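Below you'll find the structure, written out as structure tokens, and then a few comments.
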Amino acid sequence: MALADETLFERLQRGRPVRDPSLSIDRARLRRSIAANLERLLSSREGHAPAQPDYGMPDAGEVLHAWQGGPELVRKRLKQVIETYEPRLQDVKVLQVQDVAFGQTLRYALRAQLRGMPQENWAFELVVQPTGRLRILE
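Note that the sequence shown covers residues 570 to 707 in the numbering used here.
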């Protein structure tokens, strides 16, 4: 599988031919594209895409306030969703980077490799606010 530095949607929006991705990779563009896709994916609510009911995340605010072990449940779901719906990443690891008290922001570290390029290790910070809103920090 060739590594694309843009999603299909981004290539269609741009409307001009794409260079052969095997020739070179614009790493900055690829990183922005992956971060934007993760933001869309993780901001989507599970069950809102009829064709893919498991696309997106459960409401993090409800998970965190409803059950014991909420931060660990969120961590596991983040990993599962990223592995399923961001095909450009492999060997995904999601780690909680701080303990939190009730009502505080959760932070997770995302570590992954680019598919087909195991020497490319990338990291993002995922921030889940008490409201359930999720942001990606590069």
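By construction, the Cβ of each residue, glycine as well, lies at the ideal position given by its N, Cα and C atoms. These numbers were taken from a predicted model, which means no experiment stands behind them.
Span of the beta strand (DSSP E), counted from its first residue to its last, around residue i
i           : result
residue 604 : Not the beta strand (DSSP E): residue 604 falls in the alpha helix (DSSP H), residues 596 to 612.
residue 523 : Residue 523 falls outside the range modelled here, since the chain spans only 570 to 707, and no answer is possible.
Neighbour-count burial assignment, residue i, 16 or more Cβ in a 10 Å radius
i           : result
residue 655 : buried
residue 657 : buried
residue 575 : buried
residue 570 : With a pLDDT of only 41 at residue 570, under the threshold of 50, the placement of this residue in the model should not be trusted; the figure read from the coordinates follows. By the neighbour-count rule (16 or more Cβ atoms within 10 Å), residue 570 is not buried but exposed.
residue 697 : buried
residue 686 : exposed
residue 606 : buried
residue 610 : buried
Start and end residues, alpha helix (DSSP H) containing residue i
i           : result
residue 698 : First-last for residue 698: undefined, no H or E at that position.
residue 677 : Unbroken run through residue 677 is the beta strand (DSSP E), 675 to 683; no alpha helix (DSSP H).
residue 649 : 639 to 654
residue 621 : Here residue 621 belongs to no alpha helix (DSSP H), and DSSP marks it neither H nor E.
residue 708 : This structure cannot speak to residue 708, because the chain is shown only from 570 to 707.
Reduced DSSP category for residue i - H, G, I as helix; E, B as strand; rest coil
i           : result
residue 689 : strand
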